[in-house]
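Residue numbers (our numbering): 17 to 76.
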């Protein structure tokens, strides 16, 4: 169950990072910082997603 949840959360990090990069506007935060935050969230989401896939493959 935790591995599937990790897969979903990884996807959500990627989606939120893409949203931030696409709009580059978070209100108070400047666009450069929003872009950096978006890229960081995408990278972390990919890391979690790949780690969850590896854990699911090793489980079987």
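Beta carbons: idealized from backbone N, C-alpha and C, even for Gly.
Give the single residue among the options whose Cα lies nearest to the Cα of residue i.
| i | options | result |
| --- | --- | --- |
| residue 31 | 20, 46, 60, 47 | 60 |
| residue 23 | 73, 67, 44, 34 | 67 |
Can you give the beta carbon distance from residue i to residue j, rounded, assuming they're within the 8 Å contact cut?
| i | j | result |
| --- | --- | --- |
| residue 36 | residue 57 | 7 Å |
Beta-carbon separation of residue i and residue j under 7 Å?
| i | j | result |
| --- | --- | --- |
| residue 64 | residue 33 | no |
| residue 19 | residue 52 | no |
When burial is assigned at 16 or more other CB atoms within 10 Å of the CB, is residue i buried or exposed?
| i | result |
| --- | --- |
| residue 29 | buried |
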